[in-house]
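Visitor: In this note's numbering, the protein residues as written are 108 to 551. Each residue gets a CB set at the ideal place from its N, CA and C atoms; glycine is no exception. A single structure is presented below for examination.
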Ligand code: SF4
């Protein structure tokens, strides 16, 4: 039994993960939001017990890095003492504006609650792997298309009224459509998918279900086939900027560059928010924080304070196109200075960044587990450039780590000269191919 399981409280903090810079703790407040004072207290704990780096992930979880087994246990005790209830069980995610978004097709919270209750009643939590998740997306301003899930229910307007479009596996683009269903049927299908996944074992995901199982799920209680639905509904805006809410309120979305910030900057921003009247700060998928409750006149000063501290306040900021882990020197496994490289690339090549660029300190790829158009990855041979694959992919070319940003500038120069009228940089990269990109990257 380790220090965490002995502690017994705060189970979401009970299994810190080993990373290159010590243990990492991930937590999701139950209500999705924290008061500014609680966020300040949490950031102070991160400074006291970790290496002072805090992250908001692509899924909207808060991470505290650089802990030891002893300090992680102390942090967990402080989180308990602060009264921050953290989410446990199978994640059933609804998005940060659920229930307060006037553009929502349906409030996803009641259905999410029914699914959570059904999962508990059927004892599925213990039988499902830790990464199995469900999304219930009300189809509002901040969709969850970019977040992967085993079961995805998206509110959709159809000719016969609102329905939940049910799909399995993947993200909003590549999930497999199953059915259009009302509340009861959507809940039943979601639970049936989870039951089938549980029966196959804890390493299983919905993408592992057989064709026969998927066909049987698709034919169950559903209404019109998904192809005749009239509207997709959910949009996938970046959670940065201003978002009108019900009762004339406005939420302010502020991004963490590359998903992380030193805890003292988070404290600075939360203190400004507190002074300006913010009552709640929500974590949001897309590596951002949403500030709620402040008067409309405070929104601009809040954005200005955030920009001064180095946060992202403009959805077009090129840093939103780059995923970068802490890298060296923050992470002992890092072989390249990811943040410095990312900053240089963002400053010099904003015009061509219409694709995702991943800068990874090592092949673990913590910041972006999926594929990216280009990935710079630190290794024994310096900074490798991987094309259209994950950080674990085989680099097509190398450059010394300190010189990696210059290599991307060479690729950017080739894109600028080779691009056809109207062609995106992403399409141009595809046309150039791995060999052409690697040649440009290696150029002196
Ligand atoms: S990917 Fe980055 S954060 Fe993850 S272990 Fe490697 S260097 Fe550390």
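What does a CB cutoff of less than 8 angstroms around residue 522 pick up in its chain, not counting 5 residues either side in sequence?
Guide: The answer, listed in chain order, is 459, 532, 535, 536 and 539.
Visitor: Would you list the one or two residues that DSSP bridges to residue 244?
Guide: According to DSSP, which records beta bridges pairwise, residue 244 is partnered with 261.
Visitor: In angstroms, rounded to a whole number, what distance separates the CA positions of residue 525 and residue 156?
Guide: Near 50 angstroms, if we compare the C-alpha coordinates of residue 156 and residue 525.
Visitor: Is residue 478 near the ligand ZN - that is, is its Cβ less than 7 angstroms away from at least one heavy atom of it?
Guide: Absent from the structure shown: the ligand ZN. Ligands present: the ligand SF4.
Visitor: State the DSSP-derived secondary structure class of residue 168, mapped to helix, strand or coil.
Guide: Residue state, collapsed to three classes: coil.
Visitor: Below 8 angstroms between beta carbons: does that hold for residue 465 and residue 474?
Guide: In this structure, residue 474 lies closer than 8 angstroms to residue 465 by Cβ.
Visitor: Quick one: is the Cβ of residue 372 within less than 7 angstroms of any heavy atom of the ligand SF4?
Guide: Result no, Cβ not under 7 angstroms from the ligand SF4.
Visitor: Taking only runs of the alpha helix (DSSP H) that begin and end inside the segment 362-415, which ones reach a length of at least 4 residues, in chain order?
Guide: Listed in chain order, they are 370-383.
Visitor: Whole angstroms are fine: how far does the CA of residue 446 sit from the CA of residue 549?
Guide: So the two alpha carbons sit approximately 21 angstroms from each other.
Visitor: Residue 402 and residue 384 look like a contact to me (Cβ under 8 angstroms); what is the Cβ gap, rounded to whole Å?
Guide: Sure, about 6 angstroms apart at Cβ, within 8 angstroms.
Visitor: Entirely within the segment 160-232 and at least 4 residues each: give me those alpha helix (DSSP H) ranges in chain order.
Guide: For the segment 160-232, whole alpha helix (DSSP H) runs of length 4 or above, ordered along the chain, are 176-189 and 216-228.
Visitor: For residue 197 versus residue 218, is the C-beta spacing smaller than 8 angstroms?
Guide: No, Cβ-Cβ distance for residue 197 and residue 218 is not below 8 angstroms.
Visitor: In terms of residues, what are the limits of the beta strand (DSSP E) holding residue 429?
Guide: Run containing residue 429: 429-431, per the beta strand (DSSP E) assignment.
Visitor: Is the beta carbon of residue 512 sitting closer than 8 angstroms to the one on residue 427?
Guide: No; because the gap between Cβ atoms is not below 8 angstroms, this pair is not in contact.
Visitor: For the 8 angstroms Cβ check, are there 3 or more pairs between the segment 360-375 and the segment 309-328?
Guide: Too few Cβ pairs lie closer than 8 angstroms, so no.
Visitor: Pull up the DSSP beta-bridge partners for residue 48, would you.
Guide: What the structure shows of the chain is the stretch from 108 to 551, and residue 48 is not part of that stretch, so it cannot be assessed.
Visitor: I think residue 503 touches residue 454, with their Cβ atoms under 8 angstroms apart; what is that distance to the nearest whole Å?
Guide: Actually they do not touch by this definition, with Cβ atoms about 25 angstroms apart.
Visitor: Is the closest heavy atom of the ligand SF4 to the C-beta of residue 434 under 7 angstroms?
Guide: For the ligand SF4, at least one heavy atom lies less than 7 angstroms from the Cβ of residue 434.
Visitor: Is any non-hydrogen atom of the ligand SF4 found closer than 7 angstroms to the C-beta of residue 126, if you look at the structure I gave you?
Guide: The answer is yes for residue 126.
Visitor: Rounding to the nearest angstrom, what Cα-Cα distance links residue 412 and residue 357 in this structure?
Guide: Their Cα atoms are separated by approximately 17 angstroms.
Visitor: Examine the Cβ distances between the segment 275-285 and the segment 250-258 and report whether three or more of them are shorter than 8 angstroms.
Guide: They touch, by the three-pair rule.
Visitor: Under a three-way DSSP split, which group does residue 294 fall into?
Guide: Reduced to three states, the DSSP call for residue 294 is helix.
Visitor: Have a look at residue 184 and residue 190 and give me their C-alpha separation to the nearest angstrom.
Guide: Between residue 184 and residue 190, the C-alpha separation is close to 10 angstroms.
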